[in-house]
Structures are given as C-alpha cells and as structure tokens.
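Colleague: Residue numbers (full-length UniProt numbering): 1 to 533.
Ideal placement from N, C-alpha and C gives every residue a C-beta, glycine not left out.
A quick note: this is a predicted structure, and the numbers were derived from the prediction, not measured.
(1) Expressed to the nearest angstrom, what Euclidean distance is found between the alpha-carbon atoms of residue 90 and residue 70?
(2) Does the Cβ-Cβ distance between residue 424 and residue 231 come in under 8 Å?
(3) On the premise that residue 35 lies in contact with residue 21, defined as a C-beta separation below 8 Å, what is that separation, rounded to the nearest angstrom?
(4) Alpha carbon to alpha carbon, what distance is there between residue 200 and residue 177?
(5) So, residue 16 versus residue 9, is the Cβ gap smaller than 8 Å?
(6) So residue 45 and residue 30 are supposed to be a Cβ contact under 8 Å. How far apart are they, rounded?
(7) Take residue 52 and list the residues in its own chain whose beta-carbon comes closer than 8 Å to its own, dropping the five residues that flank it on each side.
(8) Can you tell me whether residue 136 is buried or exposed, with buried defined as 16 or more other CB within 10 angstroms of its CB?
(9) Does DSSP put residue 93 in a helix, in a strand, or in coil?
(10) At what residues does the alpha helix (DSSP H) containing residue 475 begin and finish?
(11) Which runs of the beta strand (DSSP E) at least 3 residues long sit entirely within the segment 82-170? Give them in chain order.
(12) Taking DSSP's pairing of strands, which residues face residue 176 in a bridge?
(13) Bridge partners for residue 575 per DSSP, in chain order?
(14) Under 8 Å by Cβ, that's how I've got residue 144 and residue 127 pegged, so tell me the actual separation to the nearest angstrom.
(15) Could you check what DSSP says for residue 401 in three-state terms: helix, strand or coil?
(16) Determine the direct distance from the alpha carbon of residue 514 to that of residue 490, and round the result to whole angstroms.
(17) List the endpoints of the continuous alpha helix (DSSP H) containing residue 439.
(18) Say whether the segment 492-502 touches the segment 86-103, bearing in mind that this needs 3 or more beta-carbon pairs closer than 8 Å, one atom from each stretch.
(19) Which residue or residues does DSSP assign as beta-bridge partners of residue 32?
(20) Short of 8 Å in beta carbon distance, which residues of its chain neighbour residue 214, apart from the five on each side in sequence? Order them along the chain.
(21) Closer than 6 Å by C-beta to residue 448: which residues in its own chain qualify, once you throw out the five before and the five after it? Chain order, please.
(22) Out of 6, 49, 38, 478, which has the shortest C-alpha to C-alpha gap to residue 63?
(23) Do residue 221 and residue 472 come within 8 Å of each other at the CB atom, strictly closer than that value?
(24) Using a Cβ-Cβ cutoff of less than 7 Å, which residues in the same chain neighbour residue 228 once the five nearest sequence positions on both sides are dropped?
(25) So who's on the other strand from residue 70, going by DSSP bridges?
(26) Is residue 475 buried or exposed, if buried means 16 or more other CB atoms sit within 10 Å of its CB?
(27) Among 175, 157, 173, which one has its Cα closest to the Cα of residue 167?
(28) In the structure shown, what three-state DSSP assignment does residue 523 receive?
(29) Alpha carbon to alpha carbon, how far is residue 148 from residue 477? Give it in angstroms, no decimals.
(30) Classify residue 449 as helix, strand or coil using the three-state DSSP reduction.
(31) Can the beta-carbon of residue 152 be found closer than 8 Å to that of residue 179?
(32) How about residue 531 and residue 209: do their beta carbons lie closer than 8 Å?
(33) What number of angstroms, rounded off, separates the C-alpha of residue 523 from the C-alpha of residue 516?
(34) Determine the direct distance from the alpha carbon of residue 115 to that of residue 526, and round the result to whole angstroms.
(35) Kindly indicate the opening and closing residues of the beta strand (DSSP E) around residue 56.
(36) To the nearest whole angstrom, what separates the beta carbons of residue 519 and residue 58, a pair I think is in contact under 8 Å?
Quick look at the structure:
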C-alpha cells in the first residue's frame, strides 16, 4: 500500500511515488518515493490497524507523514502546487478508511498550526524597517491624524496634533461643519442634513446626482421610520406608534460582517461601547424582529458580509438594536415606543417625552464636541430609568391593557396619523419624479431602480419594521449613506475621500487575498485582524 500525493494526469494504475509528479510512502518497506521507482529509506513499515497521516505544508512546500499520531519527519521538499491526496492498493480486499477532517486527527495538527502561526507572525513583527525609523513614525502619525480628521474627531485630532506636532490639513471650522452634517444623517434627520449640506457646500449635491438620490431615498426610509423632521412634527405620539427608532451616531461607516473594527478610545469618547452610553451596564438589544418571528420574544443581530475584506472605521464594535417583547412578564413595556425629541445641534433646549433623572438629562443649548455629546444608537440607561432604542422602561410603569392585542403592541405607520402618511406618499411621488428626471438626463440606472423599489416596498406592509424589507429601517443602514456624503464633501475640498489608514488596511487585505489565490500558504496565518487591537 502507498499513501501520498499526485498531480493531475498521473497514471492511477501505479502506486503513488513511482511516476513523475507523484509522491508516496509505502507500507511494505517504509520507503518514500519521489517521482521515481527507486525509494529512499524514510520510516517504519505500516500494516493493518495503523493510522498514517500525510500533511502538506503550503508555507514551505514540504510534506511529512505521521504514524499513529507521531510525526516521522519531512519526506518531500519543494513540492509543486495543486497536488491531490492519493492512496494506492495492491492486495485484493484491502480497505482504507480516509479522514479528511470529518473526525479529529490522531496527530495534534492544532499545535502544529500554532507553531507555524507564531513563525509567520514573528516574521511580520521582525520585518526590517532600516534606519529610517523617524520617517516611519512621521508617516504613521500622519495616517492617524488624517483618520481622526476624516471622521470628524476634532478634539481628539487637535490633541493628537499637539502631542505629535503633526499638522492638520483641514481647518477646525470645516471639520465641525462636516461633523454637523454627519450627525444629522446618523440621527435619521436626512432632510435637515440635505439642507445643511446645501448651505455649507453649495452646488455639491447638484454636481453629485447619484449622491443626492441616495440621500433622498434614505430620507424616504427615515420618514417611514418616523425620524425625519418632515413627518416628525406631523406624527402622533401614540404609544401604539413605532415611530421612534434610535439614532446611529457612530461617526465612522461600517462596510462590512465580518468585520474587524477600528476603535476610538480618545478623550472625546470616554464611554462609547457598541453604541451604548450607560450609567449602569452595557447591553446588546436586537431591535428589528425577523420576518418569521413568532409571538414569543425573540432577538436578532445584524451583520454585514461584504465581498471583500473591509474594516470598520467606527468607534463602536457592533450595532445595537431592540425589539418589543410579547411575553406576559414584559407586558408593561411592550406597547411603549416613545420618540425622544432632543436636538443637540440646535440652540433650543431638549424636550424629553419621558421622566428623566437629573443624571441623564441631555442639554443642547451649547455646541458640544460631537464625539463627546452623542449617545450611540440612542440607547441611554440609568439605574432607575431605561430607555432602550427609544422604548421607555420603568419598573413601576403600568400600561393600558386596551393598547395590547394578544400580547403585541400595534405598530402603525406614522402612528396612524393621516397627515404624516399623506406627506410620505407625496414625497414618494417627488422621489419617483426625480428618478425619472435622472434617467432622462444620465440614462437608466439599475442601482437607482433597486434603491427606489426597496424604499417603496416598505409601504406595502402594515408593519414595515417586521416585513421582509424592514432591515432598511435599521439605524446601521444610515452609516454607508453618511460615509458617502462625508467622502463627497472631502473630495469637493480637494482632500482625500478615504483616510490613508483605511487605504493601507484595504491594501493589506487585498494582498492577502491575492496571496491565497496564488497558493501562498503563509497568508492563512497573517490576517489583518490579528494586528488590530
């Protein structure tokens, strides 16, 4: 019997190792055969009951065998690519049980992988940067500074520049203007964001029709969500209304699942974790029920899986969402979805529609740093009062049983307010007209058509938040729109539309992808995620 490797096209009527591009370890004599009929002494013989393993190391192009869980040492070197496992049998009635990973290996392959992972990572850590360390430091400092400026972390960027003597390319007034625009988008106030953009950056949206259409589509979604100012003032504040989805004030966009993330832990964001500002504890809440959710309480989490590796530029690690529960024990909170009316960017004091202890009052009568003032994903929590994604929860709260329907709170578009609903329909007609106008001027755009269909589909359901296209109402969906608008503003000012730090990470990820395509095994042990702390 021979166990080994063969390239495509090798004669299958001979034991592996005897022909060119064929490699084998034979049990009758314990010899190894490397593309030749003449074997070399290698290991012990093996017979019935023995477990023989064959391991190919794609990093150094070697192959070794194991017998009953013990390594026999390297048998072949300089192996070509695209080899296939091969077993040759000569004795009639021989039976081989092959294990390709469906069962645990007798050999400790995990320990072997840890050994090579440490070697590869050590190579990366010890990569020489010559004597130009000062130049490297300056480059890295500029990359960090530009990243902070790009996402509007004004105070952090200023402090970093002061400590490292790194110049800031953009004026603070310009950074704060972008900050205000981003904040409005991430709060779901897209209509105000469009007006503010047109005021601060005249002509920007007119010269970017695709961006304008994206913003308008998002505005329509936020009108359905009840967060856009155009319907906010018209919507009733009925407890049956699901018009209060939280803001998503994470300043940096997330493009991706899987995702590994950049974190901002500067002085500007003293307590930002997963978009939750809390005086009690940090919790994750799933806000949007799955389309198949039953009457029992359930939760879901969202993730993104882009086609290429992307890195969150966010100062939060996950998005948080919550959904109402229908169990009897949670009956007192399931039908209360109140819309917070704070507007931190305006001079008028905030109005809260729930009892708020002094420790959790939000003040908006002064212009504060965005990274210090926001409450990620609108989740605010204290010992006595919990506001989870716009839902007010209090231990002593008593609800009106008449608002309950079989344990579920009824969620209506715009709280059932006819004027607000009519405004949404009118805006939808305007959006359709804009789509047709852009089609006549620039040609048919399939992305626009799909965007419009997805947005309009929300009106086909009595409860848009639990419908098959309800994920559009997730606050995390605001972040790509915010990122696109921010990049367009920077590009209009002759500044990089993407920070160099993210470009470097993207380049590293692309290199690893190309290495994998070329069969370079070391890329498996050099993930970019391992170096993000």
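Modeller: Based on what the coordinates show:
(1) Counting from 1 along the chain shown, the entry for residue 90 is found at position 90. Counting from 1 along the chain shown, the entry for residue 70 is found at position 70. For residue 90 and residue 70, the distance between alpha carbons rounds to 26 Å.
(2) For the purposes of this step, residue 424 is taken as the residue at position 424 of the chain shown. For the purposes of this step, residue 231 is taken as the residue at position 231 of the chain shown. Yes. Within cutoff.
(3) The residue labelled residue 21 in the question sits at position 21 within the chain shown. The residue labelled residue 35 in the question sits at position 35 within the chain shown. Right, their Cβ atoms sit about 6 Å apart.
(4) Counting from 1 along the chain shown, the entry for residue 177 is found at position 177. Counting from 1 along the chain shown, the entry for residue 200 is found at position 200. In a straight line, the C-alpha of residue 177 is about 7 Å away from that of residue 200.
(5) Position 16 of the chain shown, counted from the first residue, corresponds to residue 16. Position 9 of the chain shown, counted from the first residue, corresponds to residue 9. No, Cβ-Cβ distance for residue 16 and residue 9 is not below 8 Å.
(6) Start at 1 with the first residue of the chain shown, and residue 45 comes out as number 45. Start at 1 with the first residue of the chain shown, and residue 30 comes out as number 30. Their Cβ separation, rounded to whole angstroms, is 5 Å, which keeps residue 45 and residue 30 in contact under 8 Å.
(7) Position 52 of the chain shown, counted from the first residue, corresponds to residue 52. Excluding positions up to five away in sequence, the list reads 3, 25, 27, 46, 65, 66, 67.
(8) Along the chain shown, read from residue 1 onward, the residue named residue 136 stands at position 136. It counts as exposed.
(9) Here residue 93 is taken as the residue at index 93 of the chain shown, counted from 1. It is coil, neither helix nor strand.
(10) As a working note, residue 475 is residue 475 in the chain shown. Element bounds for residue 475: n/a, residue is neither H nor E.
(11) 84-88
(12) Taking the first residue of the chain shown as position 1, residue 176 is located at position 176. DSSP lists no partner for residue 176.
(13) For residue 575 there is no data in the structure shown, the boundaries of the chain being 1 and 533.
(14) In the chain shown, the residue the question calls residue 144 occupies position 144. In the chain shown, the residue the question calls residue 127 occupies position 127. With a Cβ gap of about 20 Å, residue 144 and residue 127 do not count as contacting.
(15) Residue numbering aside, residue 401 sits at position 401 when the chain shown is read from its first letter. In this prediction, residue 401 has a pLDDT of 40, which is less than 50 and means its spatial position is unreliable; what the coordinates show is noted afterwards. It is helical.
(16) Working through the chain shown from its first residue, we reach residue 490 at position 490. Working through the chain shown from its first residue, we reach residue 514 at position 514. About 30 Å.
(17) Residue numbering aside, residue 439 sits at position 439 when the chain shown is read from its first letter. 418-442 is the span of the alpha helix (DSSP H), which, as asked, contains residue 439.
(18) no
(19) Start at 1 with the first residue of the chain shown, and residue 32 comes out as number 32. DSSP output for residue 32 lists 25, 40 as bridge partner(s).
(20) Numbered from its first residue, the chain shown carries residue 214 at position 214. Taken in chain order, the residues that qualify are 451, 481, 484.
(21) The residue you call residue 448 lines up with position 448 of the chain shown. Within the same chain, residue 448 has close Cβ partners 213, 435.
(22) Taking the first residue of the chain shown as 1, we reach residue 63 at position 63. If we check each option's Cα against that of residue 63, 6 comes out closest.
(23) By one-based count along the chain shown, residue 472 stands at place 472. By one-based count along the chain shown, residue 221 stands at place 221. Yes; because the gap between Cβ atoms is below 8 Å, this pair is in contact.
(24) If you number the chain shown from 1, residue 228 lands on position 228. Around residue 228: 188, 189, 190, 191, 219, 222.
(25) In the chain shown, the residue the question calls residue 70 occupies position 70. According to DSSP, residue 70 bridges with 67.
(26) On the chain shown, residue 475 is found 475 positions in, with the first residue counted as 1. Residue 475 should be labelled buried.
(27) Numbered from 1 along the chain shown, position 167 holds the residue referred to as residue 167. With distances taken between Cα atoms, residue 167 lies closest to 157.
(28) The sequence position of residue 523 within the chain shown is 523, counting from 1. Helix at residue 523.
(29) As a working note, residue 477 is residue 477 in the chain shown. As a working note, residue 148 is residue 148 in the chain shown. Near 22 Å, if we compare the C-alpha coordinates of residue 148 and residue 477.
(30) The residue labelled residue 449 in the question sits at position 449 within the chain shown. In this structure, residue 449 counts as helix in the three-state DSSP scheme.
(31) Translated into positions along the chain shown, residue 152 becomes position 152. Translated into positions along the chain shown, residue 179 becomes position 179. Cβ distance < 8 Å, so residue 152 and residue 179 count as in contact.
(32) Counted from its first residue, the chain shown places residue 531 at position 531. Counted from its first residue, the chain shown places residue 209 at position 209. Result no, Cβ atoms of residue 531 and residue 209 do not sit closer than 8 Å.
(33) For the purposes of this step, residue 523 is taken as the residue at position 523 of the chain shown. For the purposes of this step, residue 516 is taken as the residue at position 516 of the chain shown. When rounded, the distance between both Cα atoms is 6 Å.
(34) Locating residue 526 in the chain shown gives position 526, where the first residue counts as 1. Locating residue 115 in the chain shown gives position 115, where the first residue counts as 1. For residue 526 and residue 115, the distance between alpha carbons rounds to 13 Å.
(35) As a first step, residue 56 is located in the chain shown; it is residue number 56 there, counting from the start. Run containing residue 56: 52-57, per the beta strand (DSSP E) assignment.
(36) As a position in the chain shown, residue 519 is number 519, starting the count at 1. As a position in the chain shown, residue 58 is number 58, starting the count at 1. At roughly 6 Å, the Cβ-Cβ gap stays under 8 Å, so residue 519 and residue 58 are in contact.
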